[in-house]
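Each number in my numbering corresponds to the 1-based position in the sequence shown with 486 added.
Scroll down for the structure; my scribbles are underneath it.
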Amino acid sequence: MAKNRPPGPQGTALIYDKDMARVRLLWDDPECAIEVPERLTSTYARLCHRGLAQRCVQLPVREATEEDLELVHSPEYVAVVKGTQTMSREQLHTLAQQYDAVYFHPSTFPCARMAVGATLQLVDAVVTGAVGNGMALVRPPGHHSQRDAANGFCVFNNVAIAAEHAKRRHGLQRILIVDWDIHHGQGIQRAFENDPSVLYFSWHRYEHQSFWPRLRESDYDVVGQGPGRGFTVNVPWNKVGMRNADYVSVFLHVLLPLAIEGEMKATPECFAHLTFLLLPLARGRLCAVLEGGYYLQSLAECVCLTLQTLLGDPVPALSGEPVPCLSALESIQNVRAAHAPHWASLRHESKTWVLTPSTWQGDAGPSLLGTPSTGTTDGLKPLLDKVLSCPPRSLCTGIGLAVPDSASGLNLPPALLQEKGVPLREEEEALWASIGDEGTLGWRWRSKQTRSGFLCPGAHTDL
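Here is the structure:
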């Protein structure tokens, strides 16, 4: 099978330095105990064992300057973190208690500077064309950290700093950040909530604001502020156990339509597909940054499959039922309704929000911003039942999903539509014709009305 390499600069960068594993927890703290050095070292060892690291362009890590850090953080906060180098264990513990789910170590400052520097090094290499794409394995992570505060194991906001660096040093005017960590990256969102040059997309476990970080701003109707309205896209998962089809459906019907217009219980193989779907954007200039992930075996496997896709290897077949669950349908509908006023590709979609979702157990629905037309899950249940009654063949590894005003049906593969006696639209035929006999995904656009594609990983791309 042909490699999935887009045209342009060749080579995939890999950036890693074992010194970023020096930071470790020095006291008992069950909340922070999962953030361990092995997150980085075991992942890199797996890449070497699979022969993937050897196929990459290995780039050295540089330490970010304080000027780099201050692209996002205040000088006062940078000075606080810098001061941890000379603190005693007791002083480090006292400082950590001022923040939420954070620990410090005498090596925190140099390691955090390396994490930022590695991300900047990757951006420089990809944007200048030295390599086609790449991945940086960094620690400590960054997407929760804010201008004046560490948060959720995160010290400096690696990706937010890299986006600002790309804008200022390289003159990039459109940047897409795709954050698929299980937690919402409120630090990145806050950094760019007023900025229309950065589209921030996050899907995260939310459970109606009961899952950490338990923020109102993580819900679907928080879309940015001022000139940045429409450039913050939150997809909250309100139940556990979301599967491949749920993630793929969000990519097809939320992220890709916006990314194209702006020019700009998932299994490991799902992340390969998500990465593959992102590669056509920005001429393939994709920078993947590993920050989170706390189950070492699955983390390493996800990273391996993501890197394989960046290298151009064929993506593996997706496992599981290719049908999104009802809760995923509700989230997709709400996100599309919230963003319909801001994006032409969604302007003619239903503006009905599901205010009483199937997973809500309170006396009243969750509080919402704005007063759009409202609906219930009743209109979506027949939609899901229709798909479940006649599931697609196992070789189909993508799904086309639409929630029209009438909630009367889904965009399904031709074979399934024909079985149900539904006439095909020309653009649907063109899209599903790109699903190969071997169950792999490809995509092509044949009609301006077609709003479907296929996926790729938690990454950061200039558009």
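Quick reminder that beta carbons are idealized off the backbone N, C-alpha and C, glycines included.
Would you report the Cα separation of residue i and residue j, rounded to the nearest angstrom?
i, j, result
"A587", "H535", "33 Å"
"I818", "S836", "11 Å"
"M728", "T792", "19 Å"
"E517", "G638", "10 Å"
"E703", "V721", "11 Å"
"Q496", "R532", "24 Å"
"L701", "E816", "19 Å"
"T842", "D667", "26 Å"
"S784", "G778", "12 Å"
"Q607", "D554", "12 Å"
"P596", "E549", "7 Å"
"R660", "H828", "16 Å"
"G657", "A519", "40 Å"
"N724", "G710", "21 Å"
"P561", "M600", "18 Å"
"S688", "V740", "11 Å"
"G615", "Q847", "51 Å"
"F717", "E679", "7 Å"
"A598", "L796", "25 Å"
"F697", "E556", "30 Å"
Find out if the Cβ-Cβ distance for the pair residue i, residue j is shorter than 9 Å.
i, j, result
"G955", "V609", "Any property of residue 955 remains undetermined from this structure, which presents the chain solely from 487 to 949."
"L764", "L772", "yes"
"V821", "V664", "no"
"L662", "V645", "no"
"P801", "F762", "The amino acid occupying residue 801 in the given sequence is Val; Pro does not appear at that position. Yes, the Cβ-Cβ distance between V801 and F762 is below 9 Å."
"D705", "Y692", "yes"
"I647", "V602", "yes"
"H629", "G569", "no"
"V567", "E650", "no"
"H694", "T845", "yes"
"R525", "L782", "yes"
"L538", "C756", "no"
"T551", "Q571", "no"
"G798", "T498", "yes"
"S831", "I746", "yes"
"A622", "A774", "yes"
"L578", "L512", "yes"
"A636", "Y585", "yes"
"K504", "T527", "yes"
"A604", "N643", "no"
Could you give the DSSP three-state label for residue i: helix, strand or coil?
i, result
"N820", "helix"
"I501", "strand"
"V612", "helix"
"A507", "helix"
"A768", "helix"
"Q496", "coil"
"Q544", "strand"
"D684", "In the sequence on display, residue 684 carries Val and not Asp. In this structure, V684 counts as strand in the three-state DSSP scheme."
"D732", "helix"
"C788", "helix"
"D586", "strand"
"L557", "coil"
"V664", "strand"
"C640", "strand"
"W929", "Below a pLDDT of 50, predicted positions are generally treated as unreliable, and W929, at 29, falls in that range; the measurement from the model is reported next regardless. W929 falls in the coil class under three-state DSSP."
Return the bridge partner residues of residue i from the DSSP annotation.
i, result
"P754", "Answer is none; P754 lacks a bridge partner."
"H690", "P722"
"V775", "A622"
"A635", "Q632"
"L812", "DSSP output for L812 lists no bridge partner at all."
Going by C-alpha to C-alpha distance, which of the options sits closest to residue i?
i, options, result
"A824", "P592, A814 and W839", "W839"
"V641", "A648, W513 and Q632", "Q632"
"M506", "L841, E807, A616 and P592", "P592"
"R715", "K725, W846 and D681", "D681"
"Y563", "D634, F590 and A649", "D634"
"L545", "S560, Y502 and L742", "Y502"
"H690", "A758, L555 and V726", "V726"
"L950", "A745, L744, H579 and Y733", "Residue 950 falls outside the range modelled here, since the chain spans only 487 to 949, and no answer is possible."
"P743", "A826, A803 and Q711", "A826"
"C811", "V740, N730 and W846", "N730"
"V543", "G620, A758 and P523", "G620"
"A803", "A758, V809 and A830", "A758"
"G806", "P754, R833 and A774", "P754"
"T580", "A604, F590 and V740", "F590"
"P808", "S735, A786 and L832", "S735"
"V547", "D515, R575, V624 and F678", "V624"
"V522", "R510, S528, G770 and P561", "R510"
"R575", "D514, A786, C788 and T529", "D514"
"A752", "M573, R654, F697 and E787", "E787"
"R541", "S696, D707 and Q794", "Q794"
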